[in-house]
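Student:
Below, the structure is given as structure tokens:
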């Protein structure tokens, strides 16, 4: 088994959740969000950096994040994203759903499989 | 929300997105270089970590137009479905087109009557018509719009609610002489009239203040139509003279195209109120009796409500009458009402707008019916699609996506139907408009308002029709798993039976309505008017001011002489059977006479009969039958004969007690006149209202101005009009305008709206019947197809064709009878509302109710015939083999 295969490919909905979660901490540009997700999952989650941007666009179109151009720490022009009020609600909703789903999946799989 | 709309309107550019991607790559390269990588290697790693840039760009584009692709797919899919099921599509589109078309047809007329302000008028909603009523205990008060000049002045001087007050008077006046003579429809206005409405002249100017007040200023503004027809649209018309009533008037301006003031009738010429007052001799009339002739308009100051303005007018109006003790009591409780400019919104009892609103309401009912029908058809079709839905659900289509598919198909149907409706509206709306508003020429039937209206109604109907099938299919079928979707559940047929029951009920209501209005129209047509309507012509010569004829003996004598001469000429025209003449006529001016038995003077305030002086042969000409006694003979037709003929109502109401033909009666100044005959009541003004109350005397015995020639023709009276006109012109080459018209033309305004409501109700009733039949047929055909297995088994077990037939019929009649019963209840419940639209027929007429019910049941049996035949042809052998 290659080490890559152990990293989980992201389902679409999950990426949105992770982005929202990352932004809950504060304003970030796309590059920062990508690094933050990789970092906080201790490298377990694999994302193509590119897939992040359509996701951000989707979130913006839904009114959950808003964006504006600014300057990054190392003096690069970057587009900064932050959560809107609706985005905060959406995060709570999605996080809740996700927890319930993972619980349910764990219950279905049962102790023997998750242990083995 | 605003934010999202903004985003939708101004989507992010591709370039901006590309910049962001560049910025990401630059930052990632920076980061990697910081770990000690070479710039080249760092850049390559950053690219690799980014993934497929092209696909990312495409995804970005997709997020900008998220729904477009599936929508296009649904439309393509829907169109394919419509093509495949042509019969279904045709019936659905036609049903909807009928419903939409009915509404589109009525919209233009209703728009003109109720919604749209008059053409060219600015700020129409700040301008009100002023109506007045003076309620008296125990009487129903009828608001009326006309007042004397004095009231106009009082309102102008003593109110503070208005920026401007204006008054106008509409009538007809003769222009020119001899064969050039014509009758012009004029409106006389105060100088404030045009500025108040915000209208600008096409050329020239409108009236100045001093032109209005000065009765000697002979100036006129002509309408655009007259300008083109009589002056070829030439600008040099300004300053030229036009003959009005034998006097030259200087044309000072031309009104803009289609400007009709605040009413909808065509206006050929506009005159200042001052000269018009003289035309009417209004000052004389007003001094004597307080003539009511002017309509008053007020433009409210900004921020004032119509009710506030009306209260202000009420105070001024009561104040005006406070100093005249004779009228004070009557006007103490008088009240002013502010009415919107739109003609149909006045408080007056306007037959045309009442009928229009009725028809519009009924066409809405037809639309509901059509939507239900299409809903029903879609439900039927959905049965064959439950398998498809189940497949799509199992493939992951969301419910909202499935709903969208249904609604898109509904919208496609409605677009097709709306287009058909618009095409027919070109013809139908013009016809209906011409019927209801004959004097108003619509600029164009298909204007932008109509298009928007039709589009909204079509989409609304399409969505409503597809919503129920969409909900049912999506929520039921998506819950159903693959492979079990073959047989429609019993519940669904229940929904359809309810829908068809509703259709039948609505059809029942419409059929009853059709029956009532047709019968009512026939009853009105059948009213004995006491005149032979189909064979009589009236001729009036406009000698200008009637007032002058009444005052001036010589003028009267010469006018009467002309009438006598005309009568002689007319009698010689081939095709004329008889001719006579009279002072006073059915639809024109008449004088009144006090009539009572000697010693029994009438109570104070009691109505007085009309008086009509008639020439020999009068009753034979008009066809008014004799009840008792005799007509006037040659001996009666001389001065001072002192004989009278009265009609039945006059005899009963004014000469009670004893034989009318015996003894003296007091008639005006004659203390002993003899009644020689009693004739049937003849129509006076209104076909439906009070008839008769006319006293006839020989014309030789009276000194009144002759007003009318009556002519009886052998055939269609209209055909003789040119010949009669020629004969009359031979009397004198410079006669003013001579009006020759059949009596039926006077009755037309009273019949026309009723005729069209009968026609529309009948059309709608038949359409409703057809729609109900289609719905029922569809349901039965489907039920038989579904039950063919059951039917086969029953047959195999020995059921006869008769039994199978009864089974299908029972299912059909169950729905129909249920619907008929509900429709019957609805008809009875609404009978009160309809009652005052009807004449001579009860809104609960049992014959009409039963005919409607029977025809619905009959039609439903016919609709069941084909399914019945199919059911009886089910071959049990085939059925059993299939198992």
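Protein chains in written order, with our numbering: chain G, 154 to 269; chain Y, 1129 to 2011. A virtual CB, placed ideally from N, CA and C, is assigned to each residue, including glycine.
1. In this structure, how does DSSP classify residue 1659 of chain Y when only helix, strand and coil are distinguished?
2. Compare the C-beta of residue 202 of chain G with all C-beta atoms of chain Y and state if any pair is closer than 8 Å.
3. Between the C-alpha atoms of residue 1292 of chain Y and residue 1669 of chain Y, what's the straight-line distance to the nearest angstrom?
4. Going by beta-carbon coordinates alone, are residue 1623 of chain Y and residue 1507 of chain Y separated by less than 8 Å?
5. Ordered along the chain, which non-local residues of its own chain (more than five positions away) have a Cβ less than 6 Å from that of residue 1916 of chain Y?
6. Please tell me whether residue 1178 of chain Y has its Cβ less than 8 Å away from any Cβ of chain G.
7. Measure the Cβ-Cβ separation of residue 1821 of chain Y and residue 1715 of chain Y and say whether it is below 8 Å.
8. Are the C-beta of residue 183 of chain G and some C-beta of chain Y separated by less than 8 Å?
9. Use the C-beta contact count for residue 1375 of chain Y: other C-beta atoms within 10 angstroms, 16 or more gives buried, fewer gives exposed.
10. In whole angstroms, what separates the C-alpha of residue 1514 of chain Y from that of residue 1534 of chain Y?
11. Using a Cβ-Cβ cut-off of 8 Å (strictly less than) and excluding sequence neighbours within five positions of residue 1806 of chain Y, which residues of its own chain qualify?
12. Within 8 Å, do at least three Cβ pairs link the segment 1829 to 1837 of chain Y to the segment 1650 to 1667 of chain Y?
13. Can you have a look at residue 1541 of chain Y and say buried or exposed, based on whether 16 or more other CB atoms are within 10 angstroms of its CB?
14. At a CB-CB cut-off below 7 Å, which residues of chain Y make contact with residue 225 of chain G?
15. Does DSSP put residue 1370 of chain Y in a helix, in a strand, or in coil?
16. From residue 1938 of chain Y to residue 1600 of chain Y, what does the alpha carbon distance come to, in whole angstroms?
17. So, helix, strand or coil for residue 1426 of chain Y, using DSSP?
18. Candidates Y:1165, Y:1235 and Y:1988: which alpha carbon is nearest residue 1579 of chain Y's?
19. Mind checking residue 1745 of chain Y: buried by the 16 CB within 10 Å criterion, or exposed?
20. According to DSSP, what are the bridge partners of residue 1724 of chain Y?
21. Run through the segment 1440 to 1525 of chain Y for me and flag every whole alpha helix (DSSP H) of 4 or more residues, listed as ranges in chain order.
22. To the nearest angstrom, report how far apart residue 1766 of chain Y and residue 1658 of chain Y are at their CA atoms.
23. Counting only Cβ-Cβ distances shorter than 9 Å, please list the residues of the segment 1516 to 1547 of chain Y near chain B, keeping chain order.
24. Just to confirm the assignment, what range does the beta strand (DSSP E) spanning residue 1355 of chain Y have?
25. Report the CB separation of residue 1459 of chain Y from residue 1262 of chain Y in whole angstroms; it is logged as a contact under 8 Å.
26. If you draw a straight line from the alpha carbon of residue 1934 of chain Y to that of residue 1814 of chain Y, how long is it in whole angstroms?
27. Below 8 Å, can you find three or more Cβ-Cβ pairs linking the segment 1331 to 1349 of chain Y to the segment 1358 to 1378 of chain Y?
28. Taking C-alpha atoms, which residue in Y:1589, Y:1298 and Y:1889 lies nearest to residue 1407 of chain Y?
29. Under 8 Å, Cβ to Cβ, is there at least one residue of chain Y near residue 195 of chain G?
30. If the criterion is Cβ atoms closer than 8 Å, does the pair residue 1495 of chain Y and residue 1228 of chain Y meet it?
31. Based on the DSSP secondary-structure assignment, which residues constitute the bridge partners of residue 1300 of chain Y?
32. Assign residue 238 of chain G to one of two classes, buried (16 or more other C-beta atoms within 10 Å of its C-beta) or exposed (fewer than that).
33. Just the C-alpha distance for residue 1257 of chain Y and residue 1424 of chain Y, rounded to the nearest angstrom, thanks.
34. Quick one: which chain Y residues come within Cβ less than 8 Å of residue 246 of chain G?
35. Take every Cβ of the segment 1905 to 1915 of chain Y, pair it with every Cβ of the segment 1581 to 1593 of chain Y, and state whether three or more of those distances are shorter than 8 Å.
36. Starting from residue 1286 of chain Y, follow the alpha helix (DSSP H) in both directions and report where the run begins and ends.
Tutor: In terms of the structure at hand:
1. coil
2. yes
3. 38 Å
4. yes
5. 2002
6. yes
7. no
8. yes
9. exposed
10. 13 Å
11. 1754, 1755, 1756, 1757, 1773, 1774, 1775, 1776, 1779, 1788 and 1789
12. yes
13. buried
14. 1155
15. strand
16. 26 Å
17. strand
18. Y:1235
19. buried
20. Y:1794
21. 1453 to 1459, 1479 to 1511 and 1514 to 1522
22. 26 Å
23. Here chain B cannot be found, since the structure's protein chains are G and Y.
24. Where residue 1355 of chain Y is concerned, there is no enclosing beta strand (DSSP E), although the alpha helix (DSSP H) it sits in stretches over 1352 to 1359.
25. 6 Å
26. 55 Å
27. yes
28. Y:1298
29. no
30. yes
31. Y:1313
32. exposed
33. 6 Å
34. Going along chain Y, no residue has its Cβ under 8 Å from residue 246 of chain G, so there is no contact; the nearest lies around 18 Å.
35. no
36. 1277 to 1286
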